[in-house]
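Engineer: Read in order, the letters of the sequence shown correspond to residues -21 to -1, 1 to 342 in mature numbering (1 follows the signal peptide of the UniProt record, and there is no 0). Sending over a structure as structure tokens; questions will come in a sec.
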Amino acid sequence: MKTNVLTLLTLLISSTAFVLAPKPAPIEVIAYYSAGPEQVADINPQKMTDIIYSFGHLKGNRFAIDNAKDSLTLKKLVALKKQNPALKVHVSLGGWGGCAPCSEIFSTEENRQVFAKSVKENLLYFGADGIDLDWEYPAIPGHPGHRWVPEDKPNFTRLVQQLRKELGPKYKITFAAGGFQRFLDESIDWKPVMAVVDQVNLMTYDLVHGYSTVTGHHTPLYSTPEQKESTDNAVQWLIKQGIPRKKLVIGAAFYGRMWENVANVNNGRYQSGKFKSGTNYRDRNNVMAPEKGFTYYWDDTAKAPYLYNAAEKLYFTFDDPRSIEAKTKYAIDQKLGGIMFWDLNGDQPKGGLLDVIDRVKHQ
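Next comes the structure, spelled out in structure tokens:
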């Protein structure tokens, strides 16, 4: 009798624990990955839903993954699906400085058709799950020296339509979009594009960048009176255009940006300065530890951290665990498609920013 009672209690406790175990939030966690094959072994594929390898490139009018590093890295990333069968692995075209011929190549129907066929060939060959377009930027200035023309905007629409025609529903089609207002207004014809792509990965970082001469938050969640550009600004603008929330993925930065010659006013925020350098999240304490003169500040309006060194007049803007937690909760509360970040190899190995996303997702 005692045995039966103990068994029943054990079953009840086990079933209660099972019922009470929180389900993960229904958001995707998408990692851009730009490192080499050696670092793939350090990836925990259970903590993300998608990995986007960056970057493939254009070879003439064809999509190419044709050097040893890219090929081996992509093969190793696809092999991670053995550890997590639900994981999706994609490959991205372009990036900052990597889409110089895009405007010209994608201007003709023939080139778009050849490109789409070559994308499918590569996805089949590597066993990958989709293509991400990181054209910076259609129809507005991007990387210095890269061609841009107003016709890029309709040509981008034709490009994604051709990709969907070629790839069908099996493969995922996404694109990386600038999170700033000029991109939102001028680069994309949103309704026809979003009708055929699965998601847009909003690059809601670099909102102040290497060409900015006034400091600010480079990846804030919310706008401030001094800085309109923010994650929420981009999301709410797109929702007003009728874009489905589940197709919106917000961006986080696993790196920060530093300005020099910044006056000791408002702790360096919204002051004139000169861009100095970028630093990965994992390396930040080697450069900006408190003992090196940096003081931590939190902007509760923007939900964004920053550092200032008054002695050396240095200002640093970045994402940290507190801002990443706020962004992840925002994606969940707003019922968005998910959160992505650039990039995975900028994180610290343990107790990093991906761990924060994973924790919040499973709360």
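Every residue, glycine too, gets a C-beta built ideally from N, C-alpha and C.
Cα separation between residue 335 and residue 28?
Structural biologist: 15 Å
Engineer: My guess is that residue 314 and residue 224 are in contact by the Cβ rule of under 8 Å, so how many angstroms apart are they, rounded?
Structural biologist: 5 Å
Engineer: With a cut-off of 8 Å on the beta carbons, I'd call residue 234 and residue 252 a contact; round off their distance for me.
Structural biologist: Actually they do not touch by this definition, with Cβ atoms about 18 Å apart.
Engineer: On the criterion of 16 or more Cβ atoms from any shown chain inside 10 Å, does residue 341 qualify as buried, or is it exposed?
Structural biologist: exposed
Engineer: Would you call the CB atoms of residue 349 and residue 135 closer than 8 Å?
Structural biologist: Nothing about residue 349 can be reported from this structure: the residues present for the chain run from -21 to 342 only.
Engineer: Excluding sequence positions up to five away, which residues of its chain have a Cβ less than 7 Å from the Cβ of residue 241?
Structural biologist: 194, 247, 250, 252, 292, 293, 294
Engineer: Hey, residue 320 and residue 10: beta-carbon distance below 8 Å or not?
Structural biologist: In terms of Cβ geometry, residue 320 and residue 10 form a close pair [threshold 8 Å].
Engineer: Under a Cβ-count criterion, where at least 16 other Cβ atoms within 10 Å of its own Cβ denotes burial, should residue 284 be classed as buried or exposed?
Structural biologist: Classification for residue 284: buried.
Engineer: Out of 138, 159, 158, which has the shortest C-alpha to C-alpha gap to residue 152?
Structural biologist: Nearest C-alpha to residue 152: 138.
Engineer: Leaving out five residues before and five after residue 21 in sequence, what residues of the same chain have Cβ atoms less than 8 Å from its Cβ?
Structural biologist: 328
Engineer: Just reading off the beta strand (DSSP E) that residue 151 is part of, what are its end residues?
Structural biologist: For residue 151, the enclosing beta strand (DSSP E) stretches over residues 151 to 157.
Engineer: Can you list, in chain order, the stretches of the alpha helix (DSSP H) that have 4 or more residues and sit fully within the region 48 to 123?
Structural biologist: With a minimum length of 4 residues, the continuous alpha helix (DSSP H) runs that stay inside the region 48 to 123 are 81 to 84, 88 to 105.
Engineer: Hey, how far is the Cα of residue 48 from the Cα of residue 160?
Structural biologist: 36 Å
Engineer: Give the DSSP bridge partners of residue 288, in chain order.
Structural biologist: 293
Engineer: Per DSSP, which residues does residue 181 bridge with? Please list them.
Structural biologist: 156
Engineer: How is residue 273 classed by DSSP in three states: helix, strand or coil?
Structural biologist: coil
Engineer: Should residue 306 and residue 203 be called a contact, given that it needs their Cβ atoms to be closer than 8 Å?
Structural biologist: no
Engineer: Quick one, are the C-beta atoms of residue 169 and residue 222 less than 8 Å apart?
Structural biologist: yes
Engineer: From what residue to what residue does the alpha helix (DSSP H) around residue 210 run?
Structural biologist: 210 to 219
Engineer: Taking the alpha carbon of residue 189 as the point to measure from, which residue in 75, 92, 337, 145 has its own alpha carbon closest?
Structural biologist: 75
Engineer: To which residues of the same chain is residue 220 closer than 6 Å at the C-beta, ignoring the five residues directly before and after it?
Structural biologist: 169
Engineer: Run through the DSSP bridge pairs and tell me what residue 7 is partnered with.
Structural biologist: 317
Engineer: How many Å lie between residue 331 and residue 186 at the Cα?
Structural biologist: 23 Å
Engineer: Just to confirm, is the Cβ distance from residue 109 to residue 69 under 8 Å?
Structural biologist: yes
Engineer: From residue 104 to residue 174, what distance separates their C-alpha atoms?
Structural biologist: 27 Å
Engineer: Cβ atoms of residue 30 and residue 56: under 8 Å apart, would you say?
Structural biologist: yes
Engineer: Given residue 299, which residues of its chain have a CB within under 6 Å of its CB, disregarding the five upstream and five downstream residues?
Structural biologist: 284
Engineer: Does the distance from the CB of residue 181 to the CB of residue 218 come in under 8 Å?
Structural biologist: Not in contact: residue 181 and residue 218 (Cβ atoms no closer than 8 Å).
Engineer: Distance check for residue 273 and residue 80, CA to CA, integer angstroms please.
Structural biologist: Approximately 42 Å between the Cα atoms of the pair.
Engineer: For residue 63, collect the residues of the same chain with a Cβ closer than 8 Å to its Cβ; drop the 5 residues on either side in sequence, then sort them by chain order.
Structural biologist: Taken in chain order, the residues that qualify are 24, 25.
Engineer: Compare the C-beta of residue 229 against all C-beta atoms of chain C and say whether one is closer than 8 Å.
Structural biologist: Absent from the structure is chain C; it holds one protein chain and no more.
Engineer: Could you pull the DSSP bridge partners for residue 254 from this structure?
Structural biologist: 238
Engineer: Please determine, among 322, 141, 162, the residue with the shortest C-alpha to C-alpha distance to residue 114.
Structural biologist: 162
Engineer: If you follow the alpha helix (DSSP H) that residue 303 is in, where does it begin and where does it stop?
Structural biologist: 300 to 312
Engineer: Can you look up residue 259 in the DSSP assignment and give me helix, strand or coil?
Structural biologist: DSSP, read as helix, strand or coil, puts residue 259 in strand.
Engineer: For the candidate residues 280, 37, 266, 322, whose alpha-carbon lies nearest to that of residue 302?
Structural biologist: 280
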